[in-house]
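**Student:** Basically my numbering = 1-based index in the sequence shown + 1.
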Amino acid sequence: AGVLDSARFRLFLAEEFDVSVEDVTAFVLGGHGDTMVPSTRYSTVAGIPVPDLIKMGWSTQEKIDQIVQRTRDGGAEIVGLLGTGSAFYAPASSAVQMAESYLKDKRRVLPCAAYLNGEYGCDGLYVGVPVVLGQNGVERIVEIELDAEEKANFDKSVAAVKELVSVSKKMRDAG
Numbered sequence: 002a003g004v005l006d007s008a009r010f011r012l013f014l015a016e017e018f019d020v021s022v023e024d025v026t027a028f029v030l031g032g033h034g035d036t037m038v039p040s041t042r043y044s045t046v047a048g049i050p051v052p053d054l055i056k057m058g059w060s061t062q063e064k065i066d067q068i069v070q071r072t073r074d075g076g077a078e079i080v081g082l083l084g085t086g087s088a089f090y091a092p093a094s095s096a097v098q099m100a101e102s103y104l105k106d107k108r109r110v111l112p113c114a115a116y117l118n119g120e121y122g123c124d125g126l127y128v129g130v131p132v133v134l135g136q137n138g139v140e141r142i143v144e145i146e147l148d149a150e151e152k153a154n155f156d157k158s159v160a161a162v163k164e165l166v167s168v169s170k171k172m173r174d175a176g
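This is the structure in structure tokens:
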């Protein structure tokens with residue numbers, strides 16, 4: 002999970018709250034696929050956390066849960082709408098955001114696959130987490146506190162990434 006999945010999540014939240022996507026901050030943790038972890042607790046609209054917006058009556062937990070699932074299924078939804086092929090504009094836009102932060106040393110906080118050395122309880126694996134991205138690449142990993150449910154979902158996503166890496170290595174070694 003990274004800039005692309007987070008952009009979709011931000012768009013879906015903006016649509017739900019009927020606000021500009023520019024006012025929505027959100028990110029997705031873990032791998033890219035159906036085990037990704039969209040973080041509602043750390044998502045905000047103009048600095049107001051999504052859980053508070055639910056309490057204020059702007060949405061319901063059920064609708065936010067549907068948005069989380071739609072985010073997980075987002076890639077398949079786009080491909081289905083295209084009919085053939087795959088999405089390419091959104092991934093290109095995401096790559097440009099990351100490249101600009103690196104090349105112009107913007108030091109943006111962006112979600113991207115970063116090599117973890119014990120952060121988030123993960124070691125020796127590239128996993129989607131928020132990072133500060135600057136001229137030296139990943140300048141810092143932003144290790145947010147996860148509650149029990151978020152941690153369990155993140156661990157499930159990490160396990161899926163590990164399995165994908167394992168299968169890829171087996172295919173490489175067999176071929």
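Backbone N, C-alpha and C fix where the C-beta goes; we use that ideal spot for every residue, glycine too.
(1) Using only the alpha-carbon positions, how far apart do ARG71 and PHE13 sit?
(2) Give, in chain order, every unbroken run of the beta strand (DSSP E) that is at least 3 residues long and sits entirely within the segment 106-133.
(3) Please classify LEU104 as buried or exposed, where buried requires at least 16 neighbouring CB atoms within 10 angstroms.
(4) Helix, strand or coil for GLY75, going by three-state DSSP, please let me know.
(5) Hey, quick one: how far does the alpha helix (DSSP H) through GLU151 stretch, first residue to last?
(6) So which of LEU117, GLU17, ASN137, TYR43 has the shortest CA-CA distance to LYS64?
(7) Do the CB positions of ILE142 and VAL132 come within less than 7 Å of each other?
(8) Checking the sheet assignment: what are the DSSP bridge partners for LEU30?
(9) Of the residues THR36, CYS123, GLY138, ARG11, which one's Cα is nearest the Cα of CYS113?
(10) Output the boundary residues of the beta strand (DSSP E) element that contains ILE145.
(11) For ALA115, tell me which candidate among SER158, GLN62, VAL130 has the shortest Cα-Cα distance.
(12) Let me check one thing: in DSSP terms, what residues is GLY135 bridge-paired to?
**Tutor:** Taking the geometry as given:
(1) Start at 1 with the first residue of the sequence shown, and residue 71 comes out as number 70. Start at 1 with the first residue of the sequence shown, and residue 13 comes out as number 12. Cα-Cα distance, rounded: 8 Å.
(2) 109-118
(3) One-based indexing of the sequence shown puts residue 104 at position 103. Result: exposed.
(4) Indexing the sequence shown from 1 puts residue 75 at position 74. In the structure shown, GLY75 sits in a helix (DSSP, three-state: H, G or I).
(5) On the sequence shown, residue 151 is found 150 positions in, with the first residue counted as 1. 149-175 is the span of the alpha helix (DSSP H), which, as asked, contains GLU151.
(6) Taking the first residue of the sequence shown as 1, we reach residue 64 at position 63. For LYS64, the nearest C-alpha among the options comes from GLU17.
(7) Locating residue 142 in the sequence shown gives position 141, where the first residue counts as 1. Locating residue 132 in the sequence shown gives position 131, where the first residue counts as 1. For ILE142 and VAL132, yes; Cβs fall inside 7 Å.
(8) Within the sequence shown, the letter at position 29 stands for residue 30. Partner(s): VAL38.
(9) The count along the sequence shown starts at 1 and reaches residue 113 at position 112. Minimum Cα distance to CYS113 is reached at GLY138.
(10) Within the sequence shown, residue 145 is the residue found at index 144, counting from 1. From DSSP, ILE145 is part of no beta strand (DSSP E); its letter is neither H nor E.
(11) Start at 1 with the first residue of the sequence shown, and residue 115 comes out as number 114. Answer by Cα proximity: VAL130.
(12) Working through the sequence shown from its first residue, we reach residue 135 at position 134. Its beta-bridge partners are GLY138.
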